[in-house]
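Below is one structure, written out as structure tokens; comments come after it.
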Amino acid sequence: MEVELKDLTKKFDDLVAVNGVSLTVKDGEFLTLVGPSGCGKSTILRCITGLEVPTSGQILFDGEDVTDQQPQERGIAMVFQNYALYPHMTARRNMSFALEDSGHSKAEIESRISETAEMLGIGDHLDQTPEELSGGQKQRVALGRSLVRNPDIILMDEPLSNLDAKLRIELRAELQKIHQELETTTVYVTHDQEEAMTMSDRIVVLNDGEIQQVSSPEAAYNRPKNRFVADFIGSPGMNFLPCRLEGETITAGPFSFGLPDGAEGTPTELGIRPEDISLSAGDDGDSPVGEVNVFEHIGPYNIVYLEVADVGEIVAQIPASRYFDIGESVSISVRNDRIHLFDQAGRTIYNPPLPSDADAERPTTSR
Amino acid sequence: MSIRAYLPGRDSTAGEESADLTRTERGLLYAALGLVTLLVVFPFYWMVSTSLKTGREVTQFPPTLIPDSPSLIPYVDALANGMWVSWFVNTIIVSAGATVLVVTVATPAAYALSRREIPGARLFLMLFLSTLMVPTQALVLPLFVMFADFGLVNTHLGLILCYAMLFTGFAIFLLYGFFNSLPNNLEEAARVGGIPEWKVFLRVILPLTKPGIATAAIFVFVFSWNEFLFALVFMQDTPMYTISVGLATFFGNRGSVVLNQLMAVSILAVIPVLLLFAVSQERFIKGISGGFED
Numbered sequence: 242m243e244v245e246l247k248d249l250t251k252k253f254d255d256l257v258a259v260n261g262v263s264l265t266v267k268d269g270e271f272l273t274l275v276g277p278s279g280c281g282k283s284t285i286l287r288c289i290t291g292l293e294v295p296t297s298g299q300i301l302f303d304g305e306d307v308t309d310q311q312p313q314e315r316g317i318a319m320v321f322q323n324y325a326l327y328p329h330m331t332a333r334r335n336m337s338f339a340l341e342d343s344g345h346s347k348a349e350i351e352s353r354i355s356e357t358a359e360m361l362g363i364g365d366h367l368d369q370t371p372e373e374l375s376g377g378q379k380q381r382v383a384l385g386r387s388l389v390r391n392p393d394i395i396l397m398d399e400p401l402s403n404l405d406a407k408l409r410i411e412l413r414a415e416l417q418k419i420h421q422e423l424e425t426t427t428v429y430v431t432h433d434q435e436e437a438m439t440m441s442d443r444i445v446v447l448n449d450g451e452i453q454q455v456s457s458p459e460a461a462y463n464r465p466k467n468r469f470v471a472d473f474i475g476s477p478g479m480n481f482l483p484c485r486l487e488g489e490t491i492t493a494g495p496f497s498f499g500l501p502d503g504a505e506g507t508p509t510e511l512g513i514r515p516e517d518i519s520l521s522a523g524d525d526g527d528s529p530v531g532e533v534n535v536f537e538h539i540g541p542y543n544i545v546y547l548e549v550a551d552v553g554e555i556v557a558q559i560p561a562s563r564y565f566d567i568g569e570s571v572s573i574s575v576r577n578d579r580i581h582l583f584d585q586a587g588r589t590i591y592n593p594p595l596p597s598d599a600d601a602e603r604p605t606t607s608r
Numbered sequence: 017m018s019i020r021a022y023l024p025g026r027d028s029t030a031g032e033e034s035a036d037l038t039r040t041e042r043g044l045l046y047a048a049l050g051l052v053t054l055l056v057v058f059p060f061y062w063m064v065s066t067s068l069k070t071g072r073e074v075t076q077f078p079p080t081l082i083p084d085s086p087s088l089i090p091y092v093d094a095l096a097n098g099m100w101v102s103w104f105v106n107t108i109i110v111s112a113g114a115t116v117l118v119v120t121v122a123t124p125a126a127y128a129l130s131r132r133e134i135p136g137a138r139l140f141l142m143l144f145l146s147t148l149m150v151p152t153q154a155l156v157l158p159l160f161v162m163f164a165d166f167g168l169v170n171t172h173l174g175l176i177l178c179y180a181m182l183f184t185g186f187a188i189f190l191l192y193g194f195f196n197s198l199p200n201n202l203e204e205a206a207r208v209g210g211i212p213e214w215k216v217f218l219r220v221i222l223p224l225t226k227p228g229i230a231t232a233a234i235f236v237f238v239f240s241w242n243e244f245l246f247a248l249v250f251m252q253d254t255p256m257y258t259i260s261v262g263l264a265t266f267f268g269n270r271g272s273v274v275l276n277q278l279m280a281v282s283i284l285a286v287i288p289v290l291l292l293f294a295v296s297q298e299r300f301i302k303g304i305s306g307g308f309e310d
């Protein structure tokens, strides 16, 4: 089912939580709303469920206006961060509860539950109460409770945030698999940009109740529309250096770059992704020099925090094989074609071409 | 913080604190606790002890702490000299009736106040609370006149309605706090799951509110059981008395207060309440202290 938001605004007294958001979630799409806390992502989700009534604007399901419908009428399912399982019912009853009065036969409910439980790997836990289940099992039951109803739309509000890191990654992959299988329209809310990047067909980056960018995860990463998106997406985050344009040369402290073709406007800030920085030991006499402040072993790569004169701290991501001591001086080099440029208002005025130089949009998948 | 945390040695922090106490301080602490316990327990002990004494020993001076020859005769005598069974039945009817009525009215009211956006909800809550601040003595007379018109004086229903009026505000307030402690998410999950509103209330909310409802019910039952003024005014015929009024008018068989018999029936009157507490103690404490535990 397609979900369309038209100029959606939600105010809580004087606080504008969502400000004029227009958005279409395509049928069968996995769309993620991502942004820092307080950006309005959960409020948008709650408006889609009907748990919040928008101050103004419309919500359409397949073209039908549902703005004034009760949550019960909308044919949706929601998964909550804290599971929200009925504590006085077994896992099985949690899953069957919504089906009991909907005219399904006992046998059909039973078979749907066992099918769903099988898919989610909770078949052995159906007779336990939520209290007896682990966090991961609880969220699987909650997911099962949503799926048995064959909803038209599934909404997920930070479903993995209460789980530990390993389980989070495991369930992340499972959610993707389930979505590929069922192709139910899914709107997913998270503050974790990595989750957004890994799971979604498209992501919607939000800040202060307004949409910053709607695009594929790759495009949000490589071609951010503004400084906020550039900063929010990616970990470790992009380095931002204040810069000046003199003729055709951009200067930021000890760094200088040629103004790339296609840059329109006056850059006041320069952005460099940590992986676009390469380091070499010692002062080569040519490149800007930084002093190693912190060195982090991540595993597949290392992260180096450098102190650079005139610009402050810069973060670089280097191959796991390279090693530097704390306090060591290193030469820093950045490829001229890998810089992002932003103007005074924080708008992007230049993004480097994609590494593959393909179109920013992901090639459309099978649907 | 719970009372438990103040008791020495019950958990780690309290344990460390008590380790800091010197021997004298600890001695003083226990002496104070002992004194308070004595103050609370002694009247009850005195009641029991007196109820087991013979008529002569009751009037003895100085009084004896432990009865010389304890006997149950005062109990038998007392029961033979009053309409105790009727009074007991009256009290049960009125207390149970009031409890059912109050809980039935207060539970949905508290839920609505806690969860629904009702214009003036705060005002309603204040109004309910303000019923607790009116001295009940001021209400007796107007209510009596009104109830007399309706023929409700000297009936169980009349007294039940009085108690409902007296205790519903309190029950709403208690349950309101309890509903507020229930996470919103459960209802939201049910609503989004397509569960109709009445079923959300009956099947999701009510089962989780049981400790709160039980607490409110116990309070109302005990309040009603002990209530004296309204029962005295509204129940005019001796057979309609409740236990509390019966006790107050009990003079024994010789026309003067017979202390041992009075104490004997007092104990009998208190037993149901004590039993109720004993049975529901755990739930009761949870209900007033913890609220909902996720």
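Those protein sequence lines, which keep their order, are chains A and B. My numbering puts the first residue of the first sequence at 242, with every later residue one more than the last. My numbering puts the first residue of the second sequence at 17, with every later residue one more than the last. Backbone N, C-alpha and C fix where the C-beta goes; we use that ideal spot for every residue, glycine too. Being a predicted model, the structure only gives us computed values, none of them experimental.
### Task
Excluding the 5 residues preceding and the 5 following aspartate 303(A) in the sequence, name in chain order all residues of the same chain whose CB lies nearer than 6 Å to its CB.
Met242, Glu243
### Message
If we define contact as Cβ-Cβ less than 8 Å, is arginine 131(B) a contact residue for chain A?
### Response
Arginine 131(B) has a beta carbon lying at 8 Å or more from every beta carbon in chain A.
### Task
For leucine 595(A), collect the residues of the same chain with a Cβ closer than 6 Å to its Cβ; drop the 5 residues on either side in sequence, then sort them by chain order.
Asn463
### Query
Just checking my contact of leucine 412(A) with glutamine 380(A) at CB under 8 Å: how many whole Å lie between their CB atoms?
Here leucine 412(A) really is in contact with glutamine 380(A); their C-beta atoms are around 7 Å apart, less than 8 Å.
#### Entry: Integer Cβ distance of glutamine 277(B) from aspartate 93(B), believed to fall under 8 Å
5 Å
### Query
Can valine 259(A) and threonine 273(A) be called in contact, C-beta distance under 8 Å?
no
### Task
Taking alanine 557(A) and valine 545(A) to be in contact with their CB atoms under 8 Å, please state how far apart those CB atoms are, rounded to whole angstroms.
Right, their Cβ atoms sit about 5 Å apart.
### Query
Can you name, in chain order, every residue of its own chain whose Cβ lies under 7 Å from the Cβ of threonine 507(A), other than the five neighbours on each side?
Leu486, Asp584
### Query
Taking the Cβ atom as the reference point for each residue, do leucine 511(A) and isoleucine 580(A) lie within a distance shorter than 8 Å?
Yes, they are a contact pair.
#### Entry: Cβ neighbours of isoleucine 363(A) in the same chain (closer than 7 Å, five flanking residues each side left out)
Closer than 7 Å at Cβ, skipping near neighbours: Ala332, Gln378, Arg381, Val382, Gly385.
### Query
Does any residue of chain A bring its CB to less than 8 Å from the CB of isoleucine 211(B)?
yes
### Query
What is the residue span of the alpha helix (DSSP H) that histidine 538(A) lies within?
In the DSSP assignment, histidine 538(A) falls outside any alpha helix (DSSP H) and lies within the beta strand (DSSP E) extending over 530-538.
### Task
Count the other CB atoms, across all protein chains shown, that sit within 10 Å of the CB of leucine 326(A); report buried if there are 16 or more and exposed otherwise.
buried
#### Entry: DSSP three-state assignment for threonine 265(A), whether helix, strand or coil
strand
### Message
Does the structure place the stretch 125-138 of chain B close enough to the stretch 194-202 of chain B that three or more beta carbon pairs sit under 8 Å?
### Response
yes
### Query
Could you check where the alpha helix (DSSP H) with valine 92(B) kicks off and where it finishes?
In the DSSP assignment, valine 92(B) falls within the unbroken alpha helix (DSSP H) covering 89-96.
### Message
At a threshold of 7 Å, does aspartate 303(A) count as lining the ligand COA (C-beta to nearest heavy atom)?
### Response
In the structure on display, the ligand COA does not appear, and there are no ligands present to speak of.
### Message
I want to see whether chain B comes within less than 8 Å of serine 607(A), judged by CB atoms only; does it?
### Response
Its pLDDT being 40, under 50, serine 607(A) is placed unreliably in this model, and the coordinates cannot settle the point.
### Query
In chain order, what residues of the same chain lie with their CB nearer than 6 Å to the CB of asparagine 592(A), ignoring the 5 residues before and after it?
Arg464, His581
### Message
Does chain B have any CB closer than 8 Å to the CB of threonine 425(A)?
### Response
no
#### Entry: Selected residue, minimal CA-CA separation from aspartate 405(A), among Asp306(A), Ile539(A), Gln322(A)
Gln322(A)
### Message
On the criterion of 16 or more Cβ atoms from any shown chain inside 10 Å, does glutamine 434(A) qualify as buried, or is it exposed?
### Response
By the C-beta density criterion, glutamine 434(A) is buried, having at least 16 other C-beta atoms within 10 angstroms.
### Reduced DSSP secondary structure (H/G/I, E/B, other) of glutamate 435(A)
It is helical.
### Task
Starting from serine 519(A), trace the beta strand (DSSP E) both ways and give me its first and last residue.
518-522
### Query
List, in order along the chain, the chain B residues whose C-beta lies closer than 9 Å to that of arginine 386(A)?
Ala205, Gly209
#### Entry: Pick from Pro135(B), Leu182(B), Val236(B) that is closest to valine 150(B), judged by C-alpha positions
Among Pro135(B), Leu182(B), Val236(B), the Cα nearest to that of valine 150(B) belongs to Leu182(B).
### Task
Just the chain B side, please: which residues come within less than 9 Å of tyrosine 327(A) by C-beta, in chain order?
Contact of tyrosine 327(A) with chain B by beta-carbon distance below 9 Å involves Leu202, Ala205, Ala206, Arg219, Val220, Pro223, Leu224.
### Message
Rounded to whole angstroms, what is the Cα-Cα separation between glutamate 351(A) and glycine 185(B)?
### Response
Computed Cα separation, rounded: 45 Å.
### Message
Taking the beta carbon of tyrosine 179(B) as the centre, do at least 16 other beta carbons fall within 10 Å, making it buried, or is it exposed?
### Response
buried
### Query
Taking 8 Å as the CB-CB limit, is methionine 319(A) close to chain B?
yes
### Query
Under the DSSP definition of a beta bridge, which residues are partnered with isoleucine 394(A)?
Ile317(A), Thr426(A), per the DSSP bridge assignment.
### Query
Should the stretch 514-525 of chain A be called in touch with the stretch 567-577 of chain A, which here means at least 3 C-beta pairs below 8 Å?
yes
### Task
Would you kindly work out how many angstroms separate the C-alpha atoms of isoleucine 289(A) and isoleucine 211(B), rounded to a whole number?
17 Å
#### Entry: proline 483(A) versus Ala358(A), Glu270(A), Gly553(A), residue with shortest Cα-Cα distance
Gly553(A)
### Query
Would you call alanine 461(A) buried or exposed, if buried means 16 or more other Cβ atoms sit within 10 Å of its Cβ?
buried
### Task
Have a look at histidine 538(A) and arginine 563(A) and give me their C-alpha separation to the nearest angstrom.
Straight-line spacing of the CA atoms in histidine 538(A) and arginine 563(A) works out to 10 Å.
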